[in-house]
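Residues in the sequence shown are numbered consecutively from 2, following my numbering. Glycine included, C-beta positions come from ideal geometry on N, C-alpha and C. Remember, predicted model here, so these are calculated numbers, not experimental data. This report concerns only the one structure given below.
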Amino acid sequence: MSSYTPSNSSYSNSLKKLTFETWAQQWADKRWVIFLAAVFLVSVPVFFEAPLVRLFPGLSLALTGGWLGLSLFLGSRPATQRWGDLLFGFTWTWMAGSIYWGWFRWEPLLHLPIEAIGLPLVVVGFAKGWGKLGHWFYLGSLFGTAMTDLYFYLVDLIPHWRRLMLVEPNLTQPIFQSAVAQMQTPSGMSWAIVLVVILLTVGSVPLLSRQLHWWAFGGAVLSTLLVDGLFWLVATAA
């Protein structure tokens, strides 16, 4: 009687594949992991995309195809479907950021419309019942962007924005100092408090839900405070 025994290499590869898929699926089921992933995807890539898009905007935009391909690949596999879904939403934030900061950064009025470039796809996704995790992540990121832009309008920082985008990097210090002085006025501080409360509320309430897409939304909204806080420190240090 003959029997079949798998080779050590094929058995090892199967075991690794099973272990990875099991690990990916188990972690994707944890709400706090999705929350941290959303925070990461909003905050950390900013510091890679910002210098890249300023020097090589075409390359930054081309990377959108890579993010899209990776998200579709992960989304096609049951074990990594949620990660692909989340990355799919991130793809549109990356693309919008590449377009705006690469070619239109000197015009603040175009910032939010370009950042909202993925909204038609979100509408289609909700209508078709797919991509909920990624779409809510994208909406959370867009909401945070809208709140930040609103603060710039309310405190009249738009002129500083335009000047900052047009001058050489070694000439930005006086602009930063002027903007920080305006933010430290009673009006600037009051509006900052109001918008921080709004972001904390909108970002925290969804965390009461057990549904993963709300945690992705909440993480994206709350990470706005982290990003804005870091830029505040940079501007203050300047």
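Residue i versus residue j - alpha carbon distance
i       : j       : result
Leu-158 : Asp-229 : 14 Å
Met-148 : Val-123 : 20 Å
Lys-133 : Gly-219 : 14 Å
Ala-38  : Pro-46  : 12 Å
Phe-57  : Leu-172 : 21 Å
Pro-187 : Trp-131 : 45 Å
Ala-51  : Gly-103 : 9 Å
Ser-191 : Tyr-154 : 14 Å
Leu-234 : Phe-48  : 14 Å
Phe-127 : Arg-55  : 34 Å
Lys-129 : Leu-213 : 19 Å
Ala-238 : Ala-182 : 12 Å
His-112 : His-161 : 15 Å
Met-166 : Arg-78  : 42 Å
Gly-59  : Pro-170 : 21 Å
Gln-174 : Ala-63  : 32 Å
Val-168 : Arg-32  : 43 Å
Leu-227 : Ile-176 : 22 Å
Extent of the continuous alpha helix (DSSP H) run through residue i
i       : result
Ile-118 : It is not in any alpha helix (DSSP H) - Ile-118 carries neither H nor E in the DSSP assignment.
Phe-218 : 213 to 238
Phe-105 : Element bounds for Phe-105: n/a, residue is neither H nor E.
Thr-149 : 133 to 155
Leu-172 : Here Leu-172 belongs to no alpha helix (DSSP H), and DSSP marks it neither H nor E.
Ser-210 : Careful: Ser-210 lies outside any alpha helix (DSSP H) and carries neither H nor E.
Ala-193 : 187 to 205
Sub-9 Å separation of residue i and residue j beta-carbons
i       : j       : result
Thr-65  : Ser-99  : yes
Pro-121 : Asp-150 : no
Tyr-152 : Ala-193 : yes
Trp-215 : Trp-137 : yes
Ala-236 : Gly-141 : no
Val-156 : Gly-189 : yes
Leu-201 : Phe-36  : no
Trp-107 : Ser-61  : no
Leu-71  : Gln-82  : no
Residue nearest to residue i in terms of C-alpha spacing, selected from the options
i       : options                              : result
Arg-163 : Phe-105, Gly-59, Pro-187 and Leu-208 : Phe-105
Ile-1   : Phe-36, Arg-211 and Leu-223          : Here the chain covers residues 2 to 239 and nothing more, so residue 1 does not appear.
Asp-86  : Gly-103, Trp-68, Glu-116 and Leu-208 : Trp-68
Leu-143 : Ser-72, Lys-129 and Ile-118          : Ile-118
Ser-232 : Ala-180, Val-168 and Leu-113         : Looking at the sequence shown, residue 232 is not Ser but Phe. Nearest option by C-alpha distance: Ala-180.
Glu-116 : Val-168, Val-206, Ala-97 and Ser-61  : Ala-97
Thr-225 : Arg-211, Gly-204 and Met-166         : Gly-204
Min CB distance residue i to chain C below 9 Å
i       : result
Val-124 : Absent from the structure is chain C; it holds one protein chain and no more.
### Query
Is the region 84 to 103 touching the region 36 to 52, taking contact as three or more C-beta pairs under 8 Å?
Short answer: they touch.
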